[in-house]
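From first to last, the protein sequence lines are chains A and B. In the numbering used here, each residue's number is its place in the first sequence (first place is 1) plus 167. In the numbering used here, each residue's number is its place in the second sequence (first place is 1) plus 167. Note that the Cβ used here is the ideal one computed from N, Cα and C, for glycine as well. On a predicted model such as this, the values are computed, not experimentally measured, just so you know. Encoded as structure tokens, the structure appears first; notes follow it.
There are 2 protein chains.
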Amino acid sequence: MPDAKKAVVLLSGGLDSATCVAIAQQQGFDVHALSFRYGQRHSVELQAAKRVASHQQITEHKVIDIDLRAFGGSALTADIDVPKDRDCEDAADIPVTYVPARNTIFMSFALAYAEVIGAHDIFIGVNALDYSGYPDCRPEYIGAYEMMANLATRAGVEDSDRLNIQTPLIALTKAQIIKLGRKHGVDYGLTVSCYDPDKKGAACGHCDSCQLRSKGFADAGVPDPTWYQKDVKS
Amino acid sequence: MPDAKKAVVLLSGGLDSATCVAIAQQQGFDVHALSFRYGQRHSVELQAAKRVASHQQITEHKVIDIDLRAFGGSALTADIDVPKDRDCEDAADIPVTYVPARNTIFMSFALAYAEVIGAHDIFIGVNALDYSGYPDCRPEYIGAYEMMANLATRAGVEDSDRLNIQTPLIALTKAQIIKLGRKHGVDYGLTVSCYDPDKKGAACGHCDSCQLRSKGFADAGVPDPTWYQKDVKS
């Protein structure tokens, strides 16, 4: 039997990326996950990433240190308050939780990883429906990244194996993502989505990410396994 | 008088990037340079980057730590010998000094930096004539990166200021680069190009980079200020 094809999956430890891991595995990929300690205020998500990697029995999980606090410019990487109870439907507005060029940086490391291990598929759990209006979650951005990636590496020069940026969640609602993940065995109780959790990882319940997540579970009609801080109604 | 326009310049500490800094300044840009401690065997180049930044009196110089040894796959970031006395004219062959996705990673950090400081120009000293055949030095790659970058960030959504990836050296020979830099006051004695220098920064004289550099000075008809290791004829 030939070895399974390898894929690099960006794993933040949140709901979307955990679902991405399950989808890649379902498609028969041997998953090599990549997470980043980038100076994020919600670095407890890395513990979630480790739990997901272990539960979903992936082949390899690398955590890379990069200091995006060197640039700042975001509520996630600088001393700027995370907005609470914002109207997430207003997608024309890019919120202060946007981290400049974050997905571009993450995918560039994934590209390096993929090239070294011989993977031709990179999975990223971006979503352009129930999202916060970040420019680097849009399909046109992903398409341009893929085109660039195919010129950036050895593969673009020496052989004909295209590199694919796979975004299986991009056109799904949060509720659809949750239903799909549950079907493929994702344990969402292991994941952390909150931008502003307490030190133990309990979710604030009020940031964009908590709101989108909580609405997703409600719309999907399944119990929300999120561990909320004491004052939040679950 | 309005403030000068800001540019981010990728500064390795080598000949090309030092020239890029001078060109950006010549064009009236306020230069914010970015260097990387990425696990390169020739990390003495960072001392050169600091010397260049100081000599050319740039506004800001950030050095970012990223560990590309986590992936390896290159003679510059893994325990693989740097090839010596290779025929650099054979550009069809991608040598083992190629670092997977390195320029893509570097430019992605530059993109974050540019977005945070409000710069619309990123300079990178890639060169597609006297080079080692790396895929991420080619004009088609740079064009695709620029297109992606303009979709990746706030600028692509909220305003019409295009982001430019400037590659002023891409079509120049090494000799032309050296002549241009000297005209603009670059002190090449401060720069380090060697892939395999000794601990003090003296150049090996035999790697691709040393060969291209040394031929460049010879072709330009100017003295080579490179500090070579003892056994190398200068």
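Close beta carbons around residue i, own chain, < 7 angstroms, minus the five adjacent residues each side
i	result
M168 (chain B)	The pLDDT assigned to M168 (chain B) is 45, lower than 50, so where the model puts this residue is not dependable; a value taken from the coordinates is nonetheless given after this. Around M168 (chain B): no qualifying Cβ.
S179 (chain A)	S202, E212 and A216
Q207 (chain A)	L243 and T244
D297 (chain A)	T340, K341, L379 and G383
I284 (chain B)	K173 and H199
Q396 (chain A)	D365, A369, A370, C371 and G372
Where residue i falls: helix, strand or coil (DSSP)
i	result
H351 (chain A)	coil
G181 (chain A)	coil
K229 (chain B)	strand
G303 (chain B)	Note on identity: in this sequence residue 303 (chain B) is Asp, with Gly being the wrong assignment. In the structure shown, D303 (chain B) sits in a helix (DSSP, three-state: H, G or I).
R236 (chain A)	helix
K397 (chain A)	coil
A370 (chain B)	strand
C187 (chain A)	helix
I345 (chain B)	helix
A245 (chain B)	coil
Q207 (chain B)	coil
Q192 (chain B)	helix
A322 (chain B)	helix
L357 (chain B)	helix
M168 (chain B)	In this predicted model, M168 (chain B) has a pLDDT of only 45, less than 50, meaning its place in the structure is not dependable enough to derive any value.
Continuous alpha helix (DSSP H) stretch holding residue i: start and end
i	result
L177 (chain B)	Where L177 (chain B) is concerned, there is no enclosing alpha helix (DSSP H), although the beta strand (DSSP E) it sits in stretches over K173 to L177.
H222 (chain A)	E212 to H222
N270 (chain A)	R269 to I284
Best match in the options for proximity to residue i [C-alpha to C-alpha]
i	options	result
D170 (chain B)	B:E313, B:S360, B:V198 and B:R349	B:V198
K366 (chain B)	B:G285, B:L177 and B:W394	B:W394
I225 (chain B)	B:G300, B:A191, B:S241 and B:A338	B:A191
G310 (chain A)	A:T334, A:S299, A:Y301 and A:A319	A:T334
A369 (chain A)	A:G348, A:R349, A:V399 and A:P302	A:V399
Y301 (chain B)	B:V389, B:I261 and B:I345	B:I261
V263 (chain A)	A:S299, A:N294 and A:H228	A:S299
R253 (chain B)	B:P392, B:S381 and B:D375	B:D375
Endpoints, beta strand (DSSP E) assigned at residue i
i	result
D375 (chain A)	Where D375 (chain A) is concerned, there is no enclosing beta strand (DSSP E), although the alpha helix (DSSP H) it sits in stretches over D375 to A387.
A316 (chain B)	Run containing A316 (chain B): none in the beta strand (DSSP E); it sits in the alpha helix (DSSP H), P306 to A319.
D328 (chain A)	Run containing D328 (chain A): none; DSSP gives neither H nor E here.
A200 (chain B)	D197 to R204
I289 (chain B)	D288 to F290
Proximal residues to residue i (C-beta, below 8 angstroms), its chain only, five neighbours per side dropped
i	result
L357 (chain A)	A185, A215, R218, V219 and H222
I231 (chain B)	L201, S202, F203, R204 and F276
T329 (chain A)	Sequence check: residue 329 (chain A) is Arg here, not Thr. Within the same chain, R329 (chain A) has close Cβ partners H287, N317 and A322.
Close-in-space but distant-in-sequence residues of the same chain around residue i (CB under 6 angstroms, 5 per side omitted)
i	result
F196 (chain B)	K172 and A174
A342 (chain B)	G383, D386 and A387
V353 (chain B)	A185, T186 and A189
D246 (chain A)	none
L235 (chain B)	Y205, G206 and T244
E227 (chain A)	H199
I289 (chain A)	V175, A277, A281 and I332
Whole-angstrom C-beta distance between residue j and residue i, which should lie under 8 angstroms
i	j	result
N294 (chain B)	D183 (chain B)	6 angstroms
M274 (chain A)	Y312 (chain A)	6 angstroms
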